[in-house]
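Quick note: the sequence shown uses this note's numbering, first residue 1281, plus one each step. The beta-carbon is built from N, C-alpha and C at its ideal position, and this holds for glycine as well. Notes for the one structure printed next.
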Amino acid sequence: MPNLQSFAGVAHEAFDLSVGEATMPLTLVEVAPLPATGLNPQPFSLVFRGTSAIVLPQKMYSLSNATLGRLSIFLVPIGRDPVGVLYQAVFN
């Protein structure tokens, strides 16, 4: 699994989220470090934005990016902004 630096290198890039036979575009809009814990010395969070009006439920999704390839990430919808729906992934 990529680390904080790997995701920081693709901030603001496109990711394709697989939804059945279709894909939904997401943009990685935030990569933020979190306070260190005993289990993980470098936890971090990611926030993705999707422009679809549909809010996807929290669960594991398959995402792909040109640089990082295919990843399985647990996403949680955390709200909306003027552009779309925001989803967060926390690595702790």
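Span separating the alpha-carbon of residue i from that of residue j
i, j, result
"residue 1342", "residue 1353", "6 angstroms"
"residue 1377", "residue 1311", "The structure shown does not extend to residue 1377, since the chain is modelled only from 1281 through 1372, so no value can be given for it."
"residue 1348", "residue 1282", "8 angstroms"
"residue 1294", "residue 1302", "16 angstroms"
"residue 1291", "residue 1309", "6 angstroms"
"residue 1351", "residue 1363", "24 angstroms"
"residue 1360", "residue 1366", "6 angstroms"
Simplified DSSP assignment, three categories, for residue i
i, result
"residue 1285", "helix"
"residue 1359", "strand"
"residue 1346", "coil"
"residue 1319", "coil"
"residue 1290", "coil"
According to DSSP, residues forming a beta bridge with residue i
i, result
"residue 1364", "Note: residue 1364 sits in no beta bridge, so no partner."
"residue 1334", "Beta-bridge pairing links residue 1334 to no other residue."
"residue 1303", "1298"
"residue 1313", "1324"
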